[in-house]
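Chains as they are written, first to last, in this note's numbering: chain R, 1 to 234; chain U, 1001 to 1591.
Note that the Cβ used here is the ideal one computed from N, Cα and C, for glycine as well.
The structure displayed is predicted, hence computed values, not measured ones.
In structure tokens:
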């Protein structure tokens, strides 16, 4: 793989992201009637991820959250943007994380024990996963076929994959998986869950204020969902 | 250079439920009180309001109201042969760290612990003989009785706006309530919360299996309410954002809307936030304490606050930590079984089943913190014969929803892929059509489950972290097997489309995921200084002007949530201080 190849790939990818954003699937009536509040977090472009990492994350979220009749694909929901902002922000930089040594891996019951902030873990984990992909398939993760990507994620998630550089693959996977879910289901002010696609998927109403009457009125009945986010109420 | 401040009557360390109750009561009794709180001031109007409070990522995932583990945490291990490592971020339990403490983000489940707990050793020995209690199970009687505590439970329930239905009024069993509860002098201050479909379906199934389900008592005001102190509550909105959140409706009984503002309106009371207490200072005679040392987190300055009386009212774990850091009382040694500080750390255990019902709509996002139905047939029911099952204590079984928000709660049948189209389809199908039945079980004290100071790791101020050694023992495993069977039998009787059955826990305790913020013990109460750190008034046996208030005084942990007895004991201690100790500052119980 050459530098040139990377550059061209990312140029094309950028075009696809732009095109996808323009072709966002039609919204529900109410969403069209209420213009979305635009925030910095929902803008495209990356604050943390480099080209290789961005390609990895975009391929990952589109594989894990593929487009179908239930929702747009991961990048169209902004899961990649959520992840980028989370890694660029205070959480990614290790806020609230105890970072004093000595460092030992310990036993699984002792939880996270790596000398890495989430951003550092992501960076090292993508590098190690791509190294595994290059070794097994001759290409980085983002260039793999769907079935090859599926194999890689299955190996990562089941603990069958051991990285050669010593980074515990399961720890990386846990963080990866959690952040994809956060990007799909957290409030859109954080950059993901665009058009509340994650909430619409499951019928979650969002930042709804009051259910005092609804709790009886909709007992065992479908609650008409038109999710509301923090930006809609601000 | 330490700045020595002017002496006050009382210094309160930590301002949550217990600090708020004691601060208010003692300021009203005319004592000059200073409260030192490590966290920041937060209010309902400014912080817990719509829409910003409805942020699962910020409050649930990122722990906005919780202790900051970057600067203070504990080290953890399952047994003494392991090397303890720091809990580098929160997981299994979530101590609060703002004005109001964990009383801001709790769900409000408010129970009355009974003589089933307070007389645990004597009752089991009497019924089953001394050999029924394993040699390493260090349970002991608490030295207090339900009858003594009853008026204080009542007081706390009225202050915190507990909604519920009495099951036993002065000995008369009441329909609709918990028939196993101990006698109450009064009905709950508010009627039960509206039940939800999941809890109704569970209640019907439990009833037809011969059990006795009842609405869980919770400090979620079922209608607008003014408490006896004049604090005003709104009605619960069943918003679905309860646990981990402050309540925008002021419907959740919390110290920051009740006792704390009342204390703060009293000129005898002063609050200093960003004040991290590092040590309780022992007086030269060793029989009293003279105040506390603390660091102003806004400039790093070290200060000394002299006081006639010190009340430790931080989170249960942090109270024990301060005792160990201050060298008050003899540290517990699990091998020699000597000492008391750090003894009998306990937690809780549990198991649960997820039931999937095609065609039902549970609307899991419409719930109060406490809109559960619970049964105590295997909990405080002494008729239940533990003999054949070989365990001590019990578990409650409950169903309903509490904060079923989508980053954390997306039930799918076992075997569903974790991503991709099939995962999406299952997630969409089952989010609203699944419900849980859960069992929450007691943990009996064990000689090896304890705290001490870590030899290696330090906090942001350079002090040793506390080390927690904990694992589940045979008693919990036997109880878990019993509970899983009961839960699964009820679940199967409901004929779900799919069932993810309850499985008894066999693995060691782990620091992830979240389990419960019900950490107990470490400075336990009792009848003698040989076996306990504090007497029945939560007064230190070593230094009589030091009181250690919180679940850290529980000699073991029950299946119930701990805030009921924590609040009741705070009022009980306040009365003992106001009515007796102030007049005659001396040990309230002879050693």
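Under the three-state reduction of DSSP output, residue 1247 (chain U) falls in the coil class, being neither helix nor strand. A residue is called buried when at least 16 other Cβ atoms come within 10 angstroms of its Cβ; residue 1208 (chain U) does not meet this threshold and is exposed. Taken atom to atom, the span from the alpha-carbon of residue 1077 (chain U) to that of residue 1234 (chain U) is near 43 Å. In the three-state reduction of the DSSP assignment, residue 1455 (chain U) falls in the strand class, which pools E and B. If you check the CB distance, residue 1486 (chain U) and residue 1523 (chain U) do not come in under 8 Å. Of all C-beta pairs linking the region 1499 to 1515 of chain U to the region 1084 to 1100 of chain U, three or more are shorter than 8 Å, placing the two stretches in contact. Here residue 1097 (chain U) carries a coil assignment [DSSP, helix/strand/coil]. Straight through space, the alpha carbons of residue 158 (chain R) and residue 1390 (chain U) are spaced by roughly 37 Å.
By the neighbour-count definition (other C-beta atoms within 10 Å, threshold 16), residue 1385 (chain U) is an exposed residue. At least one beta carbon of chain R lies nearer than 8 Å to the beta carbon of residue 1456 (chain U). Here residue 1533 (chain U) is buried: its Cβ has 16 or more other Cβ atoms, across all protein chains shown, within 10 Å.
Cβ proximity to chain R below 9 Å picks out 1432 from the region 1432 to 1445 of chain U. Among the residues of chain U, those whose CB is under 8 Å from the CB of residue 104 (chain R) are 1083 and 1085, following chain order.
Counting only runs of at least 3 residues, the region 1303 to 1371 of chain U fully encloses the following beta strand (DSSP E) elements, listed from N- to C-terminal order: 1343 to 1346 and 1349 to 1356. Within a 10 Å sphere around the beta-carbon of residue 96 (chain R) sit 16 or more other beta-carbons, which makes this residue buried. In the DSSP assignment, the residues bridged to residue 1270 (chain U) are U:1034. Looking only at U:1177, U:1184, U:1162 and U:1383, the smallest Cα-Cα distance to residue 1171 (chain U) is reached by U:1184. At a cut-off of 8 Å between beta-carbon atoms, residue 1476 (chain U) makes no contact with chain R.
At least one C-beta of chain U is nearer than 8 Å to the C-beta of residue 205 (chain R). Just so you know, the alpha carbons of residue 1521 (chain U) and residue 1251 (chain U) end up roughly 30 Å apart. Here residue 1366 (chain U) is buried, its C-beta having at least 16 other C-beta atoms within 10 Å. For residue 173 (chain R), the nearest beta carbon of chain U is not closer than 8 Å to its own beta carbon.
Secondary structure at residue 1488 (chain U): helix, using DSSP grouped into helix, strand and coil.
Sequence-ordered contacts of the region 1164 to 1188 of chain U with chain R are nonexistent [C-beta pairs closer than 7 Å]. Considering only beta carbons, the part of the region 114 to 137 of chain R lying closer than 9 Å to chain U consists of 114, in chain order. Interface criterion met: the Cβ of residue 210 (chain R) is under 8 Å from a Cβ in chain U. Chain order gives the chain U residues near residue 157 (chain R) as 1418 and 1419, where near means a beta carbon separation below 9 Å. Listed along the chain, the chain U residues whose CB falls inside 8 Å of the CB of residue 142 (chain R) amount to none; the nearest CB is some 16 Å away. Within chain R, the residues placing a beta-carbon under 8 Å from that of residue 1366 (chain U) are 211, 214, 215, 218 and 223, ordered along the chain.
The three-state reading of DSSP puts residue 1040 (chain U) in strand, counting E and B together.
Non-local C-beta neighbours of residue 1240 (chain U) in its own chain, meaning closer than 8 Å and more than five positions away in sequence, comprise 1364, 1365, 1366, 1367, 1401, 1403, 1404 and 1405, ordered along the chain. Using a Cβ distance threshold of 8 Å, residue 1413 (chain U) and residue 1426 (chain U) count as a contacting pair. Residues of chain R with a Cβ closer than 8 Å to the Cβ of residue 1050 (chain U) are, in chain order, 207, 209 and 233.
In the structure shown, residue 1172 (chain U) falls within a strand segment according to DSSP collapsed to helix, strand and coil. Exposed is the label assigned to residue 99 (chain R), since fewer than 16 other Cβ atoms lie within 10 Å of its Cβ. Residues of chain U with a Cβ closer than 7 Å to the Cβ of residue 170 (chain R) do not exist; the shortest Cβ-Cβ separation is about 12 Å.
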